[in-house]
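Working notes, beginning with the structure itself.
Number of protein chains: 2
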Amino acid sequence: MKVSKFGGSSVANAEMLKKVANIIQADEERKFVVVSAPGKRFDGDHKVTDLFIELLNQFTAGVDYQETLTQVTDRFRMITQDLSLSNEIPDHLEKKIVELFSLKKSHEQLIDELKSFGEDTLARIFSDYLTMLGIKSTYKNPKEAGIIVSDDYGNATILNEAYEKLYELRNQEGVVVIPGFFGYTKTGELRTFPRGGSDITGSIIAAGVEADLYENFTDVSSVYCVNPKLVHEPKEITMLTYKEMRELSYSGFSVFHDEALIPAFKKKIPVVVKNTHQPDCPGTMIKAEKEDFSKPVVGIASDEGFSSIYVRKYLMNRELGFGLRLLKILVDENISFEHAPSGIDDMSVIVRTHQLTQEKEEKVLKRIQEELHVDTISIQHNLAMIMLVGEGMSQRINVAAKATKAIAEATTNIEMINQGSSEVSMMFGIESDKLQQTVQSLYREFFEHSPSS
Amino acid sequence: MKVSKFGGSSVANAEMLKKVANIIQADEERKFVVVSAPGKRFDGDHKVTDLFIELLNQFTAGVDYQETLTQVTDRFRMITQDLSLSNEIPDHLEKKIVELFSLKKSHEQLIDELKSFGEDTLARIFSDYLTMLGIKSTYKNPKEAGIIVSDDYGNATILNEAYEKLYELRNQEGVVVIPGFFGYTKTGELRTFPRGGSDITGSIIAAGVEADLYENFTDVSSVYCVNPKLVHEPKEITMLTYKEMRELSYSGFSVFHDEALIPAFKKKIPVVVKNTHQPDCPGTMIKAEKEDFSKPVVGIASDEGFSSIYVRKYLMNRELGFGLRLLKILVDENISFEHAPSGIDDMSVIVRTHQLTQEKEEKVLKRIQEELHVDTISIQHNLAMIMLVGEGMSQRINVAAKATKAIAEATTNIEMINQGSSEVSMMFGIESDKLQQTVQSLYREFFEHSPSS
């Protein structure tokens, strides 16, 4: 029993939906289908969900929204026409929108309901299409399916009590099509999930029905071992563990939003990333346990936009709680830190630069200076982090040696090395302008040389 | 103008004091002499200060202390006799001790006063000896010199207001001999410094008179670049910076007690470590600023007895303040941490094992588990830390590459790498039983190969 989730670009038009239908037909284990709202069909096109938001903005501003209303409903009419279905569902959608606008609902409630229409309408259409193809299929509204969520507008989370009812979905005959992105509170109010919402729904359904596999169809064939913007046509990863995936998601790997897979992970359900255009390609499998230890490094993640606050104070390491007080100043200012490497008398705190406004930066530096009486304080911006990821890597004696050699070959100075806790990753901080050449050098070392180390 | 301090083994007997007198005579810049109490003359001998403590313990316990009193005063009588001086000073010492015991002083006050007698008596004797040799010399009691200290028994610190008076010592004619280890409070009470007390006095005098050099005479010719217990006859360090010295003092380099040099450092006075037996050897010079950047690594420090507490929690890095709360649990339990390397979802805290009793370890692990709801928690003991030290090292692209290669060549797995903050050091955590072979491999790489990298 499989749960197959299709992202926005996989359901952007009728042509894509035909591909999706073929995928469903090709494997009778594909019993649960979760769909996003139609995404962009071409560069510069609108995502349907963005049109809904524009529509609401126009309505709220009291300007004429008829054109946008037509635009969004026509997106669906084009799909139904191309699939040789009636316009019943798009016409009904138009009525529902007008009706929603006539009700006295809070703005937040309006946003959540309107945002859900893309997924919901598409699920209805696709279920009808499958039926037309002679496949027994049922549209299931999330309320009926049992997706009971917390009462947070735009940021709902699944409640544990939902799972009992979700398990009953297994008994439903034929294919079940469920719209992604939203659920209902215990009192029956609609709430959307945060970003990556359809991935979340898919993951919840997979956990709920205890699926054998959660297939996540998108427009890439698999997860690359390195950011393809930095390395030309890099190798693909065939197998990852949850932990590796999570470390990779740190940066440069945005296949999933981190939290999306939590429900599936908790039930140890394998996840596969597949390409709707090439459904027979194996894709990238993500499992709970490592199976193949032959490659110490499975991927290289990287990200820019870090700053390092450096403090030095003579005899710092004699002061119990010094590090604590330093970090507390940051937390007080609502700045989360990524790393805090410390020497004997010095300590750096690595933070994401976007958290530091000019004003906040000055305040934090001033507070550290005045409250901790440090001898030296400085801040360095424009840092990039590179993370080598591979479970069990820390047991491979020469990974660090190979990595540092590759970085030196790129004539890059290491500002920071962090390998300490994780058995899954080793991190290097460098200056941003050296990022590409350094990642390329690491790629050559770990992915183009001998297959193992 | 130089301040020359002589440690306990350098003033253990008359023969040594003759060497010291020669050293003073050899350079007329050596105007200020700070002496310790006589140390051990041979393996198994008593340090004079230990005899004073034994004496006090006997007095306090109400047992007969006459034998010990004779033993300690005879140590000085032997010195005065061998130097052809009268017994006046040792006889006076004996009277002072008996008198002290007759006064109703607190135990703490008694300890501090008695402990100071070793240095004080030796300074008086040595000044007389210099005078006998025809060198103009004055004994200066710390009160008279102006060493005004805080009111902490056995743990005094110099007060800033002392320096004005100390500067006047420059005007004293001839050689000035000052006993190390103690000072006087503003109300005139004697207080001793903590461990390394004579080094502290020398450092204070050097700062006070704004000396050109603080010479620290001991029984080693210089500071080795690596612990000679781990590497046979290692190279000596000719030049260090304060920062390098401080990082090296982390472990395996116990030439100074860390705090001792602070007064001299604050005034940027160069310090040289010299051997009383070989005063013409250049020794190891310690300066404020790095002058020679040709060698990226000046020394390899290492130490054992570390433990690593490892925690893993999914989505840890989304929790603002997680690291803070973890460290706070340790601080609550009075455990200071050395390093806290963190990954995306995991964090390790490296602590010195001696801080963890079985009970404390269990309590800390339990608190972390229960208060932070971590997914995984474990603790690893028997870790050793190796620290490569060299100011400006972080600017040398291939130091990390060479170091990790050398560690891999020792077939040692790196449990932790910490290079983040310090521009002065790079630290590697390994299993203790690999320490010697790893340090040897690093020594070969950085000290036996090409002179530079």
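Read top to bottom, the protein sequences are chains A and C.
Read in order, the letters of the first sequence correspond to residues 1 to 453 in the UniProt record's numbering.
Read in order, the letters of the second sequence correspond to residues 1 to 453 in the UniProt record's numbering.
All C-beta atoms, glycine included, are put in the ideal place defined by N, C-alpha and C.
As the structure is a computational prediction, the values presented were derived from the model and not from experiment.
Near chain C, meaning a CB-to-CB distance below 9 Å, the residues of the stretch 305-324 of chain A are S308, Y310, V311, R312, Y314, L315, N317, R318, E319, L320, G321, F322, G323, L324.
As DSSP reads the structure, A:R191 sits in a beta bridge with A:G183. Here A:I158 is actually not in contact with A:P270; their C-beta atoms are around 20 Å apart, not less than 8 Å. Under the DSSP definition of a beta bridge, A:I379 partners with A:I309. Inter-residue distance for C:I350 and C:E338 is about 5 Å (C-alpha atoms, whole angstroms). Cβ-Cβ distances below 7 Å link C:E333 to K360, K363, V364 in the same chain, with the five nearest sequence neighbours on each side left out; the list follows chain order. Per DSSP, the unbroken beta strand (DSSP E) holding C:S425 starts and ends at 425-431. In chain C, no part has a C-beta under 8 Å from the C-beta of A:A206; the shortest such distance is about 17 Å.
Proximity of chain A to C:D345 at the Cβ level (cut-off 9 Å) is accounted for by K243, R246, E247, S422, V424, in chain order. Apart from the 5 residues on each side of it in sequence, A:D219 sits with its Cβ closer than 6 Å to the Cβ of S9 in its chain, given in chain order. Residue pairing by DSSP places A:Y443 opposite no residue, since no beta bridge is assigned to it. Only residues of its own chain outside the window of five on either side were considered, and among them L55, Q58, F59 have a CB closer than 7 Å to the CB of C:Y65, listed in chain order.
Listed along chain A are A408, each with a C-beta nearer than 7 Å to that of C:N398.
A distance below 8 Å between beta-carbons, with the five flanking residues on each side excluded, links A:L240 to the following residues of its chain, in chain order: V223, L248, T284, M285, I286, K287, V298, G299. Of all alpha-carbon atoms in A:I148, A:T73, A:V439, A:D280, the one lying nearest the alpha-carbon of A:K96 is that of A:T73. Not a single CB atom of chain C sits nearer than 7 Å to the CB of A:H449.
Taking every protein chain shown into account, the CB of C:V63 has fewer than 16 other CB atoms within 10 angstroms, so this residue is exposed. Comparing C-alpha distances from C:R312 to each of C:G343, C:S302, C:E304 shows the shortest one belongs to C:G343.
Only those residues of the stretch 265-283 of chain A whose C-beta falls short of 8 Å from the nearest C-beta of chain C are listed: F265.
A distance below 7 Å separates the beta carbons of C:V34 and C:T201.
Flagged as an interface residue toward chain A: C:K405, by a C-beta distance shorter than 7 Å.
Distance from the Cα of C:L261 is smallest, within the candidate group A:L315, A:A301, A:Y310, for A:L315. Linking C:Q71 to C:D82 through their CA atoms gives a straight-line distance of about 16 Å. Contact with chain A is absent for C:P296, since none of that chain's Cβ atoms lies less than 7 Å from the residue's Cβ.
Taking 7 Å as the CB threshold, C:P341 lines the interface with chain A. Residues P234, G299, I300, V439, Y443 of the same chain have their beta carbon placed closer than 7 Å to that of C:V226, with the five preceding and five following residues left out of the count. The continuous beta strand (DSSP E) containing C:Q419 extends over residues 416-419. Nearest CB-CB separation between A:S336 and chain C: below the 7 Å threshold. Contiguous beta strand (DSSP E) elements confined to the stretch 56-140 of chain C occur at 137-139, taking only those with 3 or more residues. As computed with DSSP, C:E215 is found in a beta bridge with C:S4, C:V272. In the structure shown, C:A384 falls within a strand segment according to DSSP collapsed to helix, strand and coil. Residues of chain A whose Cβ lies closer than 8 Å to the Cβ of C:V331 are, in chain order, L320, G321, L324. With respect to the 7 Å criterion, C:G154 and C:T192 are classified as neighbours on the basis of their beta carbons. Under the three-state reduction of DSSP output, A:T241 falls in the strand class. Between C:G429 and C:E415, the C-beta gap is smaller than 7 Å, which places the two residues in contact. With distances taken between CA atoms, C:H277 lies nearest to C:K18 out of C:R170, C:K18, C:K31.
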